[in-house]
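Written out below as structure tokens is the structure these notes cover.
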Amino acid sequence: MAQTGERKKDLGSVLSIGDKGHIAISAQCHDHVMYLAEVPAKTFFTDFNLNFEIGGLVGKYYELDGPAGGYDSYNLEVEALGGKLIYGENSMPTIDFRQPLIKNYEDLEKLKNKKIDFYNAGRFPMILKTSGSMVSGLCIFCSPFSLAVGLMGFPKLVRAMKKDPKFYHGVMSFAVDDVLAPWIRIQNEKTGNLMGIGADAWASVPNLSPKEMMDLIVPYNQRLEKKCNEFGVITMNVTADYCEERLEKFDEKILHDSFDVQIASMGGNPALFLVMGRWHEYPLEAVRNYTEKFRKEGKTVSITAGINARLLRDGPIEKIVDNVKRFVDAFGRDHNLSILLSNVPADTPSEHIHAAVAAAHTYGKLPIADNLDEIEVKIPTKKPFKEWRIENESVIKAQMKEEAKEQRCGLAGLLWQQMGQINQNEKFKEEYADAKMSFLYNLTDQRYSALITVENGTLDVKHIENDSDTIKNIEVDGSIACTASLFFDFTGGKISKVSMLIKMLTGKLKVKGMKNMQELAKIMAL
0 MAQTGERKKD LGSVLSIGDK GHIAISAQCH DHVMYLAEVP AKTFFTDFNL
50 NFEIGGLVGK YYELDGPAGG YDSYNLEVEA LGGKLIYGEN SMPTIDFRQP
100 LIKNYEDLEK LKNKKIDFYN AGRFPMILKT SGSMVSGLCI FCSPFSLAVG
150 LMGFPKLVRA MKKDPKFYHG VMSFAVDDVL APWIRIQNEK TGNLMGIGAD
200 AWASVPNLSP KEMMDLIVPY NQRLEKKCNE FGVITMNVTA DYCEERLEKF
250 DEKILHDSFD VQIASMGGNP ALFLVMGRWH EYPLEAVRNY TEKFRKEGKT
300 VSITAGINAR LLRDGPIEKI VDNVKRFVDA FGRDHNLSIL LSNVPADTPS
350 EHIHAAVAAA HTYGKLPIAD NLDEIEVKIP TKKPFKEWRI ENESVIKAQM
400 KEEAKEQRCG LAGLLWQQMG QINQNEKFKE EYADAKMSFL YNLTDQRYSA
450 LITVENGTLD VKHIENDSDT IKNIEVDGSI ACTASLFFDF TGGKISKVSM
500 LIKMLTGKLK VKGMKNMQEL AKIMAL
């Protein structure tokens, strides 16, 4: 299944990480982190400073391309509204569905009339004080349908969907208009994050059919997208993951229909998530058959490929390594691929995670080798985490502190995720070896703007405070000034050249150094 061609970049891949020189691998492993560090669940999920600190250590231990901490993103909004949680010993808390917040129309009206203090309710303030995201630069939220499940319970919500549509639409409207849009706006104001990712595991195949999701869930994902675009945040909902357990029931048509739902829930971006299903056993050619139409049009398709949780825990190592190899061989050369260790079970052997990371960094070294069968993966032998932590914690914490100072916020973070890999491009390094240029993307309604510099064959992106004095005193070769919403519209190709010209004439889009900005566009196209 080997392919040729350069690996492309776009904003659809939320796990891309700058200029590491290899395909990124990250982990959804809060339970495992808590287990390794021997921290009680109640402490781990209520002390987010500790959570993120330990997650950072575990990320370094496994050499992941980002921290490994995280929180229970399906619970926060429900808890803030008054929902009760149940804590286990070695697992994240779950909503107490014996006491749902919404059982009838009267309960819905009570919640709609309740004033939500987004700064102080539940664990919201912990999110805001710790920058709030499991992945740098992101607002994390529970998607509309999964939030509605948290408010009602899955059986009752599905019953309302099919038997009482007025009730269903009332709950979904409440989730979007009264809870999620305001909460995402608060996160944006406090952190400067411009992209939001919604967790939506309840809306998956075979829980629901693709048609049910397209007809009854996608409109609310898009409604949330539209509301958040108004204040400059792009939202993407991870809806319609294909999770058919019975291999004999694998259906390529249903898979492709679920991909249609995913793209419709991702702002129209061709970005696919292969996360919770048996992707170590599903045929990957079925995915390539779907993405072929985009590739023929020259469009980048982003794929987040998940290593199955049971495979990670049970092994064997050889099968884990082979699974990574399959993903890289199928998608690494002509898709924007990132690898995700999916919901890592608490008691997963560390050797299994070391193997997955080594495989991703070896097979995923850019540019991807033509024949991965010729590549040898060397799996490191490491001490148990407890011993490693004793020996390395002080040094790693100091390193993490320095890295935090270099963290790129707002638009700079998003741009670096996608543009950082240009530094690995030999053509760029050769053509711009003697160049010295700077560019400013000034998002007028946001906390941060982005300063891009090109000097001696190296590109960098930094965030700067978006106040008038700072912006006025920066000397650059080219700049664009507009709202975040307008910026994402024209960079996403949603505005015609005529509309752009009108916005420039009316002052809504201000461009200085047009010729130099065209040079930046040339760099970004490499």
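Heads up: the sequence shown begins at 0 in numbering that gives the first Met the number 0, then just goes up one per residue.
Glycine included, every Cβ here is placed at the ideal spot set by N, Cα and C.
Since the structure is predicted, the reported quantities are computational estimates derived from the model, not experimental observations.
Item: Segments of 4+ residues assigned as alpha helix (DSSP H) that fall wholly inside the region 456–486; Value: 467–471
Item: Under the three-state DSSP convention, the category E390 falls into; Value: helix
Item: Three CB pairs or more closer than 8 Å across the region 485–493 and the region 455–473; Value: no
Item: Contact under 8 Å by Cβ, A304 with L336; Value: yes
Item: Spatially closest choice to L340 from H21, A67, A36, E224, by CA coordinates; Value: A67
Item: Which residues DSSP lists as bridging T303, in chain order; Value: F272, S337
Item: For L137 and I196, believed in contact at Cβ under 8 Å, the rounded distance; Value: 5 Å
Item: Among Q186, K292, E454, the one whose alpha carbon lies nearest that of V300; Value: K292
Item: Touching by the beta-carbon criterion (3+ pairs, under 8 Å), the region 250–264 and the region 207–217; Value: yes
Item: Exposure of L14, with buried meaning 16 or more beta-carbon neighbours within 10 Å; Value: Its pLDDT being 43, under 50, L14 is placed unreliably by the model, and the measurement read from it follows with that caveat. Under this definition L14 is a buried residue.
Item: Closest by C-alpha distance to L215, when choosing among V260, N187, G191; Value: V260
Item: I316 vs A354 beta-carbon contact at 8 Å; Value: yes
Item: D106 (DSSP reduced to helix, strand or coil); Value: helix
Item: Residues near F43 by beta carbon distance below 6 Å, same chain, minus five either side; Value: M33, N50
Item: With 16 other Cβ atoms within 10 Å as the buried cut-off, status of M513; Value: exposed
Item: Local conformation of G197 per DSSP, three classes; Value: strand
Item: Closest by C-alpha distance to W387, when choosing among G20, D369, G58, D46; Value: G58
Item: C-alpha gap between S484 and K507, whole angstroms; Value: 11 Å
Item: Buried/exposed call for Q416, threshold 16 Cβ in 10 Å; Value: buried
Item: Supposed contact pair L371 and V327 - C-beta distance, whole angstroms, cut 8 Å; Value: 7 Å
Item: G191 and Y447 closer than 8 Å at C-beta; Value: yes
Item: Option nearest C227 by Cα separation, candidates D176, D116, A359, M160; Value: D176
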